[in-house]
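Protein sequence lines correspond, in order, to chains P and V.
Offset between the first sequence (1-based) and the numbering used here: plus 4.
Offset between the second sequence (1-based) and the numbering used here: plus 4.
Data block below; observations after.
Number of protein chains: 2
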Amino acid sequence: MALFAPSRSVTEILKLAERPDVISLAGGLPDPTVFDMERVRESMDRVLKDEGRAALNYGPNPGFSKLREWIAERMATKENVSLSPENILVASGGVEGLNLTAMSILDKGDTVLVEAPTYMMALHIFRGYEARIVALPMDEEGLETDGLEASLFELKKKGVTPKLLYLNPSFQNPSGRTMSLTRRRQSVELCRRYNVTILEDHAYAELVYDGERLPSLKSLDPENVVFVHTFSKIFGPGVRLGWVAADAELIERLGLCKLGTDQCSNTLAQRLVYDYGRHGFIDDQVAASIELYRNKRDAMEAAMSTHLPEGTSWGHAGGGFFLWVHLKDGADSDTLLRRTIEDYKMAFVAGSTFFANGDGGNFLRLSFSFVAQDQIDEGIQRLSRAIAAG
Amino acid sequence: MALFAPSRSVTEILKLAERPDVISLAGGLPDPTVFDMERVRESMDRVLKDEGRAALNYGPNPGFSKLREWIAERMATKENVSLSPENILVASGGVEGLNLTAMSILDKGDTVLVEAPTYMMALHIFRGYEARIVALPMDEEGLETDGLEASLFELKKKGVTPKLLYLNPSFQNPSGRTMSLTRRRQSVELCRRYNVTILEDHAYAELVYDGERLPSLKSLDPENVVFVHTFSKIFGPGVRLGWVAADAELIERLGLCKLGTDQCSNTLAQRLVYDYGRHGFIDDQVAASIELYRNKRDAMEAAMSTHLPEGTSWGHAGGGFFLWVHLKDGADSDTLLRRTIEDYKMAFVAGSTFFANGDGGNFLRLSFSFVAQDQIDEGIQRLSRAIAAG
Numbered sequence: 005m006a007l008f009a010p011s012r013s014v015t016e017i018l019k020l021a022e023r024p025d026v027i028s029l030a031g032g033l034p035d036p037t038v039f040d041m042e043r044v045r046e047s048m049d050r051v052l053k054d055e056g057r058a059a060l061n062y063g064p065n066p067g068f069s070k071l072r073e074w075i076a077e078r079m080a081t082k083e084n085v086s087l088s089p090e091n092i093l094v095a096s097g098g099v100e101g102l103n104l105t106a107m108s109i110l111d112k113g114d115t116v117l118v119e120a121p122t123y124m125m126a127l128h129i130f131r132g133y134e135a136r137i138v139a140l141p142m143d144e145e146g147l148e149t150d151g152l153e154a155s156l157f158e159l160k161k162k163g164v165t166p167k168l169l170y171l172n173p174s175f176q177n178p179s180g181r182t183m184s185l186t187r188r189r190q191s192v193e194l195c196r197r198y199n200v201t202i203l204e205d206h207a208y209a210e211l212v213y214d215g216e217r218l219p220s221l222k223s224l225d226p227e228n229v230v231f232v233h234t235f236s237k238i239f240g241p242g243v244r245l246g247w248v249a250a251d252a253e254l255i256e257r258l259g260l261c262k263l264g265t266d267q268c269s270n271t272l273a274q275r276l277v278y279d280y281g282r283h284g285f286i287d288d289q290v291a292a293s294i295e296l297y298r299n300k301r302d303a304m305e306a307a308m309s310t311h312l313p314e315g316t317s318w319g320h321a322g323g324g325f326f327l328w329v330h331l332k333d334g335a336d337s338d339t340l341l342r343r344t345i346e347d348y349k350m351a352f353v354a355g356s357t358f359f360a361n362g363d364g365g366n367f368l369r370l371s372f373s374f375v376a377q378d379q380i381d382e383g384i385q386r387l388s389r390a391i392a393a394g
Numbered sequence: 005m006a007l008f009a010p011s012r013s014v015t016e017i018l019k020l021a022e023r024p025d026v027i028s029l030a031g032g033l034p035d036p037t038v039f040d041m042e043r044v045r046e047s048m049d050r051v052l053k054d055e056g057r058a059a060l061n062y063g064p065n066p067g068f069s070k071l072r073e074w075i076a077e078r079m080a081t082k083e084n085v086s087l088s089p090e091n092i093l094v095a096s097g098g099v100e101g102l103n104l105t106a107m108s109i110l111d112k113g114d115t116v117l118v119e120a121p122t123y124m125m126a127l128h129i130f131r132g133y134e135a136r137i138v139a140l141p142m143d144e145e146g147l148e149t150d151g152l153e154a155s156l157f158e159l160k161k162k163g164v165t166p167k168l169l170y171l172n173p174s175f176q177n178p179s180g181r182t183m184s185l186t187r188r189r190q191s192v193e194l195c196r197r198y199n200v201t202i203l204e205d206h207a208y209a210e211l212v213y214d215g216e217r218l219p220s221l222k223s224l225d226p227e228n229v230v231f232v233h234t235f236s237k238i239f240g241p242g243v244r245l246g247w248v249a250a251d252a253e254l255i256e257r258l259g260l261c262k263l264g265t266d267q268c269s270n271t272l273a274q275r276l277v278y279d280y281g282r283h284g285f286i287d288d289q290v291a292a293s294i295e296l297y298r299n300k301r302d303a304m305e306a307a308m309s310t311h312l313p314e315g316t317s318w319g320h321a322g323g324g325f326f327l328w329v330h331l332k333d334g335a336d337s338d339t340l341l342r343r344t345i346e347d348y349k350m351a352f353v354a355g356s357t358f359f360a361n362g363d364g365g366n367f368l369r370l371s372f373s374f375v376a377q378d379q380i381d382e383g384i385q386r387l388s389r390a391i392a393a394g
């Protein structure tokens, strides 16, 4: 169980961070005020009244048919990708989408390319299948495509074709960074040339606070990109629903894998989300979420400018839930975290959580999504004092 | 993907069996009339009104605390096992409970003991972790403990300690058989002596149509039995909820594995099931289900006595969803199935689905749970004609 040691330290810290006197900027939870409870109840009433008995029984393994159709149509509108329902598998959250994809594609020893930093649960999943993880450098424009090309070239010389390149191109967890359009085009082109499937994690991409949305990688190369999205940030994580968009043959394999994970996704929740979505309520909720989170992001960036000590820097987050703080070289954010929780009653996630090789000691992730607006400034003040005392 | 070939043939056949002119005795779905929709709506209204925002957000990874407490208390009452909430993990259905247990215990090449026949999804899961599956003979009293002892002895001589013995002791899927009290005691004693963990699948154990409930294996040896149960047959499968009861250390490991499958179980559904359960509605539903399914079982056994041709035999099902039919030697139920669907518009599940080595051609599984009561006799008549024509 050595594989799970990093996760264990994460869960331990999250437990500490839940103490009521701690201001936590650690977890990436939605702000519960974005949920439109009246509309949720309206949809749920309709589902239970009109189709309650079907909603409580097993449903089709790849997902509720009407929801798959609705997702395919929505992706045509929002993502400019033409798909049929056979290209959609409804998963029990985005993480299950990543897990099923890894389960059906990876064998022990296969190489997976990731960004450094990258989403910790993706690392957890790839490690679980004993993949060899190769981390690639990124900067403010996202994955460095020169580095990607060099790595693909070096691996090819050794006879290695990576099975997957995992990317979270829009408002990445943890860095908040967004891959530029040029880099998107280059990544897609390189992966096609080197025959590497891209696994695109779209979790935060709809939460755009500044400027235009960039095209998804899926829209740039529909055939070579497996696309994973979640209802967690556009509806609510409590229903544990997301989806995978891929070619029909892979979707069928994911469904077979899913027979052995949870058989099918929650039928009641699928019908709820379908009803809520087809009434336009998801799009309304996304619009309201953008307003809410933009304000929080602004408040946190302002507090950081005011309070964070010299030698600390951070990137602007144009969307999503996260800000990524660069401490001075030699800092150790794991030690800082324990001290900050105990002595300053404030929590974040240490940078090392997001690096395949345990690097990242001079980084930390802040989330502005869940914290109450009126606690943001105080939270950043506490962090600043902790850093300054270090 | 060769691993999944048997499952693929199962899904193909289930698709055929869904044609509206086919009477399907294949799937193990609950009868939708057992769902008490008025009470479900009452509980759901309460959850959405009182705690809707929490229900739509992420919840604790091992499960909603009040539900874990309620499960632990219910197990004390129903199963005579003393547990604390730390011994309970809420999973996304019983299958996820099996999968997480296998994920956290099995390494490639480990030996797992199963009954022949056994639950197909358990085989699917153990194969997924590349376990060596050793199938043990069973009879009308369940697993043959002489065979278990001989197998443990032989394996020990070769230096092999199986990691798990998977048992479904009450109204087994697929055979409907129940392990006698003597065999239960012997199995528990042998596994303790040979240091083999028992994985007990309790899915159908509450649906008792005749006589007394036998004690669970968990109650006979709380320390050495990992117990998996599901809400699918006592509430509804659409919510995809079940649980694992085990020592706190294993529960913690299952939780870490679950971070990479779906992070946490559906929060909304957990709160619904908790509210429904604590009002006593689950126990009422189980009582009503027993009445309903006993009638269906009686109708199917009567139809079988009337119609099934000479040379065919079957066991009595004292509970659960299934009847297990023994065809004459040399029969091939896979071929019979295709012919029965196409020419007689009736479906069942072929016996080979439930055997690790593809045996079982002269068996088939019938489910009486989902089919409408007034179609049972006609369904068995169609099957009888198909067998007789064979």
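Note that CB positions come from ideal geometry on N, CA and C, so glycine has one too.
Predicted model, so just to flag it, every value in this text is computed and none were measured.
8 Å Cβ cutoff met for residue i and residue j
i	j	result
Val-232 of chain P	Glu-210 of chain P	no
Asp-151 of chain V	Leu-140 of chain V	It is Gly, not Asp, that sits at residue 151 of chain V in the sequence shown. Yes; because the gap between Cβ atoms is below 8 Å, this pair is in contact.
Leu-245 of chain V	Leu-169 of chain V	no
Tyr-198 of chain P	Leu-224 of chain P	no
Tyr-297 of chain P	Gly-242 of chain V	no
Gly-56 of chain P	Val-44 of chain V	yes
Gly-97 of chain V	Thr-265 of chain V	no
Lys-237 of chain P	Tyr-208 of chain P	yes
Ala-249 of chain P	Lys-222 of chain P	yes
Leu-258 of chain P	Leu-93 of chain P	yes
Gly-355 of chain P	Arg-343 of chain P	no
Phe-326 of chain V	Gly-180 of chain V	yes
Cβ-based neighbour list, residue i, same chain, cut-off 7 Å, excluding 5 preceding and 5 following
i	result
Lys-82 of chain P	none
Glu-134 of chain V	Lys-112 and Gly-113
Leu-147 of chain V	Glu-119, Leu-140, Leu-171, Met-183, Arg-187 and Ser-191
Met-48 of chain V	Leu-276
Gln-385 of chain P	His-311
Asp-333 of chain V	Asn-366
Any C-beta of chain V under 8 Å from that of residue i
i	result
Pro-241 of chain P	yes
Asp-288 of chain P	no
Met-5 of chain P	Interpretation of Met-5 of chain P is limited by its pLDDT of 32, a score under 50 that renders its predicted location unreliable; the figure taken from the coordinates is listed afterwards. Answer yes: the Cβ-Cβ gap between Met-5 of chain P and chain V drops below 8 Å somewhere.
Arg-389 of chain P	no
Ile-129 of chain P	yes
Pro-24 of chain P	no
Tyr-208 of chain P	no
Asn-91 of chain P	no
Met-41 of chain P	yes
Phe-8 of chain P	Here the model assigns Phe-8 of chain P a pLDDT of 44, short of 50, so the residue's position is not dependable and the matter cannot be decided.
Contact with chain P by residue i, beta-carbon distance below 8 Å
i	result
Thr-310 of chain V	no
Glu-437 of chain V	The first residue shown for chain V is 5 and the last is 394, placing residue 437 of chain V beyond what the model contains.
Tyr-62 of chain V	yes
Thr-122 of chain V	no
Met-373 of chain V	Here the sequence assigns Ser to residue 373 of chain V, which means Met is not the residue at that position. It does not: the Cβ of Ser-373 of chain V has no partner Cβ on chain P nearer than 8 Å.
Ala-376 of chain V	no
Leu-270 of chain V	Going by the sequence as given, residue 270 of chain V is Asn instead of Leu. It does; some Cβ of chain P falls within 8 Å.
Val-230 of chain V	no
Extent of the continuous alpha helix (DSSP H) to which residue i belongs
i	result
Asp-205 of chain V	Element bounds for Asp-205 of chain V: not the alpha helix (DSSP H) but the beta strand (DSSP E), 201-205.
Ile-137 of chain V	Looking at the DSSP string, Ile-137 of chain V is not in any alpha helix (DSSP H); the run it does join, the beta strand (DSSP E), is 136-143.
Ile-294 of chain P	285-311
Thr-115 of chain V	Premise fails: Thr-115 of chain V lies in the beta strand (DSSP E), 115-120, not in any alpha helix (DSSP H).
Arg-181 of chain P	Looking at the DSSP string, Arg-181 of chain P is not in any alpha helix (DSSP H), and its letter there is neither H nor E.
Ala-390 of chain P	380-393
Extent of the continuous beta strand (DSSP E) run through residue i
i	result
Tyr-170 of chain P	168-171
Ala-249 of chain P	246-249
His-233 of chain P	229-234
Nearest-angstrom Cβ-Cβ length linking residue i and residue j, presumed shorter than 8 Å
i	j	result
Ala-80 of chain V	Ser-86 of chain V	6 Å
Ala-307 of chain P	Gly-394 of chain P	Not quite, the Cβ-Cβ distance comes to about 19 Å (not below 8 Å), so this is no contact.
Ala-300 of chain P	Ile-391 of chain P	One detail in the question is off: residue 300 of chain P reads as Lys in this sequence, not Ala. Not really, about 21 Å apart at Cβ, beyond 8 Å.
Close beta carbons around residue i, own chain, < 6 Å, minus the five adjacent residues each side
i	result
Pro-66 of chain P	Leu-93 and Gly-259
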